[in-house]
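Down below is the structure, laid out as structure tokens.
Protein chains: 2
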Amino acid sequence: MLTGKRIAFVGGDARILEVIRYAIDLDASVVLIGFDRLAMDGAGAEKAELSPDVLSDIDALVLPVAGLDEDGYADSNYSAARIRFTDEHFASLPGRCTVFTGISGPYLEQMCRRRGLALVKLFDLDEVAILNSIPTAEGAVQMAMENTEITIHGSQSVVLGFGRCGMTLARTLAALGSRVKVGARKAADLARVYEMGLTGFPLEEVAARVADADLIFNTVPAPVLTAEVLARVPRECVIIDIASKPGGTDFRYAQRRGIRALLAPSLPGIVAPKTAGRILARTLCRHLRETG
Amino acid sequence: MLTGKRIAFVGGDARILEVIRYAIDLDASVVLIGFDRLAMDGAGAEKAELSPDVLSDIDALVLPVAGLDEDGYADSNYSAARIRFTDEHFASLPGRCTVFTGISGPYLEQMCRRRGLALVKLFDLDEVAILNSIPTAEGAVQMAMENTEITIHGSQSVVLGFGRCGMTLARTLAALGSRVKVGARKAADLARVYEMGLTGFPLEEVAARVADADLIFNTVPAPVLTAEVLARVPRECVIIDIASKPGGTDFRYAQRRGIRALLAPSLPGIVAPKTAGRILARTLCRHLRETG
């Protein structure tokens, strides 16, 4: 339980609503800033304007998943006005307060450092990254379903990279009946691929392994699907690149060759905001309980 | 191989293109009627106008998946003109000719009976129905992904009916990490559900089993999700009804209660026309080979 803990939420999207619900369920005292458009049913939370006063006795400050921009602004889907977080606001936070965000930039980092505040970047935690790989993999599969005229079942798929997303994606595709090949660099990863009953190959051999692919999923944030590799990819193949921008695909060459190649946006918040929100909620609230 | 066999195709959609490709690969002699808009690359097929002459020496007549309408018309996605099949055309077919369609109506049945022609309704074959359950299940899962804010993984799903589609759907959902309950009537089906590691319940208990459902998939072509049952379904639950029209859901009541309930169209030809076409192609060509 979070009885006696006071948490301020400042803006955000559908994922943050899940965190708010979860915190209320755990009996936290919740202050909502930048949620004037949100219809609240039931008790457990109060709305407030941003001010140094309202921040002076909180145990946790929960920012939007994207954090603050370079001018200190927090986006909110539930307010017409943008909320600006200045040094004065950070100065008013008590020393015990933990600041939570998904990702961070220089402005937020600098403010927290200056005021000696603990900053938790949830997306940097291995736990969150692994759990987020579930909606990421489902979102990638959904994109594949929407962009092909074949079933995943019976298809030949290639997964490049075997990190947290690569492993989840390979398992999900295999479970759906796809024949899955996985390209990875580390011998230990190829051993795990083998243990899972899938076919592994050294990533540097990718050009020789794509000739029969119906679907290629790239998770490697480096140029992997180069023009040289794409020249061996069948034209009907669909490429879903889930590596962070700009992806690992030569999209210009893919288009020129007539191959459909899509750079996936950050999928969890889009395809399953509720699940993505619950992941953040559980980790955040556990963190608050444990840091006492 | 189908060397020496002459097959006439009359209209159809993307699925029929797969059948044509497959027949050409097997060395059949192929005549295309109602495909004037189709760009043909490579040899192996000739285009023709519909006439008694062109039909007089064929071994198989392949109609669109939907068959002929009550006036004898065949739809074609690859021709502006509609093609009308009259008694004169059926009279010109040699006695050895087999007529293939997906489904049939009284007109087509009557014509074939009158002329003593073998009529194969591919969708009536158990083999085709089981293979078609794969794109059907994937399409239903895709609809669920597109209409929820949660992942299939970790969700509580309920599958009603354990026929060909019900079994494939239950297996697919479980493989994705959903907790699956299956409602079925027959004791043998519930035994199979148990063997698959899933939770079964007698279909008549459905009202007592839906209170925790995130997703309900109905495959039973009878009123199963009645108002009485829907009153126990959580409002956030999404219902995908894949039973043939009008489905087994009281859609009026679902809407009134604010539950999202969707009647799925015939999914294979929409979500995976290529896979659906290959299913028809393999069965049709095997049939032709075996009947000599």
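Protein chains in written order, with the working numbering: chain A, -6 to 285; chain B, -6 to 285. Each residue gets a CB set at the ideal place from its N, CA and C atoms; glycine is no exception. Just so you know, these numbers come straight off a predicted model, no measurement behind them.
Notebook entry, point to check: So, helix, strand or coil for R228(B), using DSSP?
Noted result: Counting from 1 along the second sequence, the entry for residue 228(B) is found at position 235. DSSP places R228(B) in coil when its eight states are reduced to three.
Margin query: Give me the residue from S150(A), C158(A), T144(A) with the minimum Cα distance to I123(A).
Written below: As a working note, residue 123(A) is residue 130 in the first sequence. Relative to I123(A), the option among S150(A), C158(A), T144(A) whose CA is nearest is C158(A).
Check: For a contact meaning CB atoms closer than 8 Å, what does I233(B) contact in chain A?
Finding: Residue 233(B) sits at position 240 when you count from the first residue of the second sequence. Chain A residues near I233(B): none, gap ~14 Å exceeds 8 Å.
Margin query: For a test of the three-state rule: what should DSSP assign to F28(A), helix, strand or coil?
Written below: Translated into the one-based positions of the first sequence, residue 28(A) becomes position 35. Coil, per DSSP.
Next item on the list: For the segment 247 to 268 of chain A, enumerate the residues whose C-beta is nearer than 8 Å to any C-beta of chain B, in chain order.
Entry: V264, A265, P266, K267, T268
Notebook entry, point to check: Assuming A204(A) and R225(A) make a contact with CB atoms under 8 Å, what is their CB distance in whole Å?
Noted result: Here residue 204(A) corresponds to residue number 211 of the first sequence, with the count starting at 1. Here residue 225(A) corresponds to residue number 232 of the first sequence, with the count starting at 1. Yes, A204(A) and R225(A) are in contact; Cβ-Cβ is about 6 Å, under 8 Å.
Checklist line | chain A contacts made by the segment 136 to 150 of chain B, where a contact means CB separation under 9 Å | finding: M138, E139, T141, E142, I143, T144, I145, H146, G147, S148
Next item on the list: With a threshold of 16 other CB atoms inside 10 Å of the CB of E131(B), please say whether the residue is buried or exposed.
Entry: Counted from its first residue, the second sequence places residue 131(B) at position 138. The residue is buried, with at least 16 neighbouring Cβ atoms inside 10 Å.
Notebook entry, point to check: Since R253(B) and N140(B) are thought to touch, with beta carbons under 8 Å apart, how far apart are those beta carbons, to the nearest angstrom?
Noted result: For the purposes of this step, residue 253(B) is identified with residue 260 of the second sequence, where counting begins at 1. For the purposes of this step, residue 140(B) is identified with residue 147 of the second sequence, where counting begins at 1. Contact between R253(B) and N140(B) holds, since their C-beta atoms are separated by about 6 Å, short of 8 Å.
Notebook entry, point to check: Is S97(A) helix, strand or coil when you go by DSSP?
Noted result: Along the first sequence, read from residue 1 onward, the residue named residue 97(A) stands at position 104. Coil, per DSSP.
Note to self: Cutting at 8 Å between CB atoms, please list the residues of its own chain near D50(B), excluding the five before and the five after it.
What the structure shows: Along the second sequence, one-based indexing puts residue 50(B) at 57. In the same chain as D50(B), and ignoring 5 residues on each side of it, the C-beta atoms closer than 8 Å to its own belong to R(-1), P87, in chain order.
Notebook entry, point to check: Looking at the unbroken alpha helix (DSSP H) that takes in F210(A), where does it start and where does it end?
Noted result: As a position in the first sequence, residue 210(A) is number 217, starting the count at 1. That residue, F210(A), is in no alpha helix (DSSP H); its beta strand (DSSP E) goes 208 to 211.
Notebook entry, point to check: By the 10 Å Cβ neighbour count, where 16 or more other Cβ atoms means buried, how is A84(B) classified, buried or exposed?
Noted result: Here the question's residue 84(B) lines up with position 91 in the second sequence. Counting Cβ neighbours within 10 Å, A84(B) comes out exposed, since fewer than 16 surround it.
Margin query: Is there a C-beta anywhere in chain A that falls below 8 Å from the one on L115(B)?
Written below: On the second sequence, position 122 is the one that residue 115(B) refers to. False, the Cβ-Cβ gap to chain A never drops below 8 Å.
Check: Between T128(B) and chain A, is there a C-beta pair that is closer than 8 Å?
Finding: If you number the second sequence from 1, residue 128(B) lands on position 135. According to the sequence as given, residue 128(B) is Pro; it is not Thr. A Cβ of chain A is located within less than 8 Å of the beta carbon of P128(B).
Notebook entry, point to check: Quick one: what does DSSP say S69(B) is sitting in, helix, strand or coil?
Noted result: Residue 69(B) sits at position 76 when you count from the first residue of the second sequence. In this structure, S69(B) counts as strand in the three-state DSSP scheme.
Item checked: Closer than 8 Å to chain B by CB, T165(A) -> As a first step, residue 165(A) must be located in the first sequence, where it is residue number 172. Cβ-Cβ to chain B under 8 Å: yes for T165(A).
Note to self: Strictly below 8 Å CB to CB, what residues from chain A border E131(B)?
What the structure shows: The count along the second sequence starts at 1 and reaches residue 131(B) at position 138. Under the 8 Å cutoff, chain A gives M138, T144, I145, H146, L169.
Next item on the list: Assess, as a yes-or-no matter, whether the segment 93 to 102 of chain B is touched by the segment 54 to 71 of chain B under the definition of 3 or more beta carbon pairs within less than 8 Å.
Entry: yes
Next item on the list: Using a Cβ-Cβ cut-off of less than 7 Å, list which residues of the segment 99 to 125 of chain A approach chain B; keep chain order.
Entry: Answer set for the segment 99 to 125 of chain A: empty.
Note to self: So if DSSP puts Q149(B) in a beta bridge, which residue, or which two residues, is it bridged to?
What the structure shows: In the second sequence, counting from the first residue as 1, residue 149(B) sits at position 156. Answer is R172(B), bridged to Q149(B).
Note to self: Is it buried or exposed, T(-4)(A), if we count other Cβ atoms within 10 angstroms and call 16 or more buried?
What the structure shows: For the purposes of this step, residue -4(A) is taken as the residue at position 3 of the first sequence. Its Cβ having fewer than 16 others within 10 Å, T(-4)(A) is exposed.
Check: When burial is assigned at 16 or more other CB atoms within 10 Å of the CB, is M138(A) buried or exposed?
Finding: Here residue 138(A) corresponds to residue number 145 of the first sequence, with the count starting at 1. It counts as buried.
Note to self: If I measure Cβ to Cβ from A200(B) and keep anything under 7 Å in the same chain, skipping five residues before and after, which residues do I get?
What the structure shows: Position 207 of the second sequence holds residue 200(B). Apart from the 5 residues on each side of it in sequence, A200(B) sits with its Cβ closer than 7 Å to the Cβ of E221, V222, R225 in its chain, given in chain order.
Check: Which same chain residues, not among the five before or five after L255(B), have their C-beta less than 8 Å away from its C-beta?
Finding: If you number the second sequence from 1, residue 255(B) lands on position 262. Result list for L255(B): M136, N140, V231, I232, I233, D234, in chain order.
Check: Going by the beta-carbon positions, is the gap between V3(A) and G27(A) smaller than 8 Å?
Finding: Indexing the first sequence from 1 puts residue 3(A) at position 10. Indexing the first sequence from 1 puts residue 27(A) at position 34. Result yes, Cβ atoms of V3(A) and G27(A) sit closer than 8 Å.
Next item on the list: Would you list, in chain order, the members of the segment 6 to 19 of chain B that have their beta-carbon closer than 8 Å to a beta-carbon of chain A?
Entry: Along the segment 6 to 19 of chain B, the positions whose C-beta sits under 8 Å from a C-beta of chain A are A7, read in chain order.
Next item on the list: Take the Cβ of R249(B) as the centre, count every other Cβ of all protein chains shown within 10 Å, and call the residue buried at 16 or more, exposed below.
Entry: Here residue 249(B) refers to the residue found at position 256 when the second sequence is read from its first residue. Per the 10 Å Cβ criterion, exposed.
Check: Are P45(B) and A269(B) touching if we call contact CB-CB under 8 Å?
Finding: In the second sequence, the residue the question calls residue 45(B) occupies position 52. In the second sequence, the residue the question calls residue 269(B) occupies position 276. Not a contact, by the Cβ cut-off of 8 Å.
Notebook entry, point to check: How many angstroms separate the CA atom of D68(A) from the CA atom of L54(A)?
Noted result: Taking the first residue of the first sequence as 1, we reach residue 68(A) at position 75. Taking the first residue of the first sequence as 1, we reach residue 54(A) at position 61. Those two C-alpha atoms are separated by around 15 Å.
Item checked: Residue nearest to E229(A) in terms of C-alpha spacing, selected from L166(B), K267(B), V217(B) -> If you number the first sequence from 1, residue 229(A) lands on position 236. Closest option to E229(A), Cα to Cα, is K267(B).
Item checked: Which listed residue (V23(A), V213(A), L169(A)) has its alpha carbon closest to that of G240(A) -> Here residue 240(A) refers to the residue found at position 247 of the first sequence. Taking the Cα of G240(A) as reference, the smallest distance to any Cα among V23(A), V213(A), L169(A) is reached at V213(A).
Margin query: Going by beta-carbon coordinates alone, are L218(B) and T242(B) separated by less than 8 Å?
Written below: Taking the first residue of the second sequence as position 1, residue 218(B) is located at position 225. Taking the first residue of the second sequence as position 1, residue 242(B) is located at position 249. Contact: yes.
Checklist line | Assumed close pair V152(B), F244(B) - CB separation to whole angstroms, cut-off 8 Å | finding: Residue numbering aside, residue 152(B) sits at position 159 when the second sequence is read from its first letter. Residue numbering aside, residue 244(B) sits at position 251 when the second sequence is read from its first letter. Wrong, their Cβ atoms sit about 19 Å apart, outside the cutoff.
Next item on the list: For G60(A), name the three-state secondary structure that DSSP assigns.
Entry: By one-based count along the first sequence, residue 60(A) stands at place 67. Three-state result, G60(A): coil.
Margin query: So, with DSSP's three-state summary, where would you put D234(B)?
Written below: Counted from its first residue, the second sequence places residue 234(B) at position 241. In the structure shown, D234(B) sits in a strand (DSSP, three-state: E or B).
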